[in-house]
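Residue numbers (this note's numbering): 476 to 1057.
So the structure is just underneath, and the comments pick up after that.
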Amino acid sequence: ADGGVPPRWNRDPKTGVEAPLTTGKLLDYRDRRLVGDIKYLWELNRHLHLVTLAQGYALTREPRYLRVLKEHLESWIRACPQGRGPNWCSALEAAIRLINWSIAWQLSGGAAAPFFAGSGGADFKRLWLDSVYEHARFIHGYFSRHSSANNHLIGEAAGLYIAGLTWPCWPRVRDWRRVAQQILEREALLQSSSDGVSLEQAVCYQQFVLDFLLLALLAGRSADERFSAAYEQRLAAMLVCLASIMDAGGNVPMIGDGDDGAVTRLAQSPDFSSYRSLLASGAILFGSGELKAKAGKLDDKTRWLFGSRAGELFRRVEEPRARAPLRRAFPGGGYYILGCDFETRHEIRLVADAGPLGYRSIAAHGHADALAFTLSLGGLEFLIDPGTCAYHGGGEWRAYFRGTAAHNTLRIDGVDQSLPGGDFMWVKQARARCDTWESSDAADVFEAWHDGYLRLSDPVLHRRRITLDKRARRVVIEDRLQMSGAHDVELFLHCDERCTVEAVPAGFAIRRGQWTLVAELPRHRDADARLHRGSLQPLCGWVSRRYDERRPSPTIAWRARLQGDTLLRTELMCRSDYPAQS
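So, in structure tokens, the structure goes:
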């Protein structure tokens, strides 16, 4: 989309809709007729590109970078008067803007930056600082304390805290900074389990929140302000969780919502991984060789954050000799990792989910995915969580991607395990619990249940047992349904879009690279198994790797009408062309 030069800050670059400059807090940003797609409008106004301009100046000292940066800032402040328009709706968006302004300020030279020279420069400096103050005051006045947008509060506090350290120019700043740090300390513990899983049950948002928490910690350390040991320990636990669910190829399951949101953009490489970058930063912060090994290398974002000593600090961290997940069970968050031959081309890694639907009463970013799992082989994704696709105005696509049929689990009578009440609300939540988790050299065993279908007129309890036989390299999934009457039962297996899938006598052969996964489905006289790819009737066979994008992917859908208590058995045979390990 063409945003213009400088951009038209109040126009959605996707739809071309120009939002009115009415009172920001009264503007209905969900009304697409009024503001277009707010996601795209806000993305532009986070000012990630100003950091790129400041990086260009820091590397080259060419004044053209500062000239454009100054032009964009002056243009933005004129076009977005305080409190008016779509860029004064959200305290989180103001906070992200402040974080990027802080980085751009520092990379440009701080208070002594060349564009502040002379009388014109002094006027620009005063203009920018006045806007910084209005941003900080706005955030402090509109913290999302009682909002369903739980990660917003962390982001707002991080923005206010970093701004307070960058610009200690006003008497109120110290109090604002203290309040912001208190929020960060409290919410870091409240919004994640003790074993490091974001309670929003959304991996993308775990990464997003970790960035806020990490940037605040680094900013505090640079100013000799300390966070508590509990805060740092929770950060480390959240990093361990990401490292553990990441397969040998660097892939993480797309559990829960995700919108590709970034706090800042310090790396431009096309192969940049925000997840591995966090692990690299964590390796330096906590001296963790395990995180270093999983990160693989030092990325550009970490180099910018840690400065000229980043390479030396990263090299000092010693890697472990043995490579395995840092942790296999996360009972607080509900994730369990079954697998063998970790971090090798022979790796089998299965992530099973028996966690809560989401955070608190409405579970805004959770998906109806109880007892679902993902499976990767040798660092290649095979059975996946298809992602999110859309938020506001997503309609049937929003409903599909967060629904039970878009996950590797069972659906009963064509309804979701949990009952939706809106795009970011669930009014009846399935409860899930893991009863059994065992791991040995021979096998891993996971068993859990959920009660989402007890609400049906004839209640159904779904219990799932997953066993990995490591020697046979076979995954056995046993789904036990406790019910009295007859129900329509569907089993879904969502395959990575790069897989080829074909019917074979045993079921389906799923191939990718040097690997073949043979899926033998439950045997029942009335069962029907079909392969969908980009189907619209019914919606099935889609994956969304990026927000607002979707593409066809092969999905196996098994259906049968079942009566009374039933046991369904699915077998997944994992085969590769690689020579066997000695």
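For each residue, glycine too, the CB sits at the ideal point set by N, CA and C.
Among the residues of its own chain, which have a CB less than 8 Å from the CB of residue i, if the five just before and after it don't count?
i      : result
Leu702 : Looking at the sequence shown, residue 702 is not Leu but Phe. Hits under 8 Å: Gln656, Leu659, Glu660, Ala691, Leu692 and Gly695.
Tyr750 : Gln682, Leu717, Met721, Gly725 and Val727
Ile629 : Ile658, Leu659, Glu662, Ala663, Gln666, Val684, Phe687 and Leu688
Ala723 : Phe817, Glu818, Thr819, Arg820, Glu822, Arg824, Ser851, Gly853 and Gly854
Look at the alpha carbon of residue i and the alpha carbon of residue j, and state the distance between them as a whole number of angstroms.
i       : j      : result
Arg1025 : Ala874 : 14 Å
Val1108 : Asp944 : Look at the range of the chain in this structure, 476 to 1057, and you will see that residue 1108 is not part of it.
Lys545  : Ser836 : 45 Å
Lys776  : Leu788 : 14 Å
Leu688  : His615 : 18 Å
Gln708  : Gly807 : 15 Å
Asp746  : Tyr540 : 25 Å
Trp576  : Leu509 : 28 Å
Glu995  : Leu966 : 12 Å
Arg553  : Val607 : 14 Å
Ala570  : Asn562 : 11 Å
Gly585  : Thr527 : 16 Å
Leu516  : Val979 : 48 Å
Cys1015 : Met958 : 27 Å
Val1018 : Pro861 : 4 Å
Gly596  : Leu760 : 37 Å
Answer with buried or exposed for residue i, where buried requires no fewer than 16 other C-beta atoms within 10 angstroms of its C-beta.
i      : result
Val902 : exposed
Asp732 : buried
His962 : buried
Arg647 : exposed
Gln989 : exposed
Lys769 : buried
Arg521 : buried
Lys514 : buried
Ala981 : exposed
Leu582 : buried
Check each candidate in the options and name the one with the smallest Cα separation from residue i.
i       : options                             : result
Val738  : Leu1014, Pro800, Pro831 and Ile637  : Ile637
Ala742  : Arg906, Leu523 and Arg653           : Leu523
Ala632  : Phe848, Trp642 and Arg653           : Arg653
Pro831  : Ile823, Leu685, Arg824 and His842   : His842
Glu871  : Gly762, Leu1011 and Asn726          : Leu1011
Gly634  : Ala586, Glu662, Cys1015 and Glu568  : Glu568
Asn625  : Gly927, Ala579, Ala566 and Ile578   : Ala566
Tyr928  : Gly889, Gly630 and Lys772           : Gly889
Leu931  : Leu894, Ala847 and Asp605           : Leu894
Leu1106 : Ser668, Val920, Trp551 and Glu549   : Absent from the structure is residue 1106, since the part of the chain shown begins at 476 and ends at 1057.
Asp774  : Ala768, Phe761, Ala1055 and Ala755  : Ala755
Thr641  : Val510, Trp580 and Thr819           : Trp580
Cys815  : Tyr834, Leu936, Ala712 and Arg949   : Arg949
Asp605  : Leu582, Phe857 and Pro643           : Pro643
Glu609  : Gly878, Arg572, Gly1009 and Thr1045 : Arg572
Glu662  : Asp512, Thr991, Tyr834 and Phe983   : Tyr834
Glu922  : Gly896, Ser1019 and Ala845          : Ala845
Val826  : Ala838, Ala839, Phe857 and Ile1031  : Phe857
Phe599  : Tyr617, Leu548, Arg649 and Gly639   : Leu548
Ser752  : Glu765, Lys772, Arg940 and Gly762   : Lys772
Trp484  : Ser550, Gly862 and Glu794           : Ser550
Who are the Cβ neighbours of residue i in its own chain at under 7 Å, not counting the five residues just before and after it?
i      : result
Arg778 : Ala785
Asp735 : Arg1021 and Tyr1022
Ser914 : Arg803
Asp926 : Ala905, Arg906 and Leu936
Arg955 : Arg938 and Leu1042
Indicate the three-state DSSP secondary structure (helix, strand or coil) for residue i in the structure shown.
i       : result
Phe702  : coil
Arg930  : helix
Ile513  : helix
Ser1010 : strand
Glu675  : coil
Asp1001 : coil
Trp924  : strand
Leu502  : coil
Gly870  : helix
Phe817  : coil
Cys564  : coil
Gly596  : helix
Leu1037 : strand
Phe848  : strand
Phe613  : helix
Arg1044 : strand
Ser915  : coil
Ile859  : coil
Between which residues of its own chain and residue i is the CB-CB distance below 6 Å, once the five residues before and five after are set aside?
i      : result
Leu496 : Arg559 and Gly560
Cys679 : Gly733
Ala797 : none
I'd like to confirm something about residue i: is its beta-carbon nearer than 6 Å to some heavy atom of the ligand SAH, or not?
i      : result
Pro488 : You won't find the ligand SAH in this model; it holds no ligand whatsoever.
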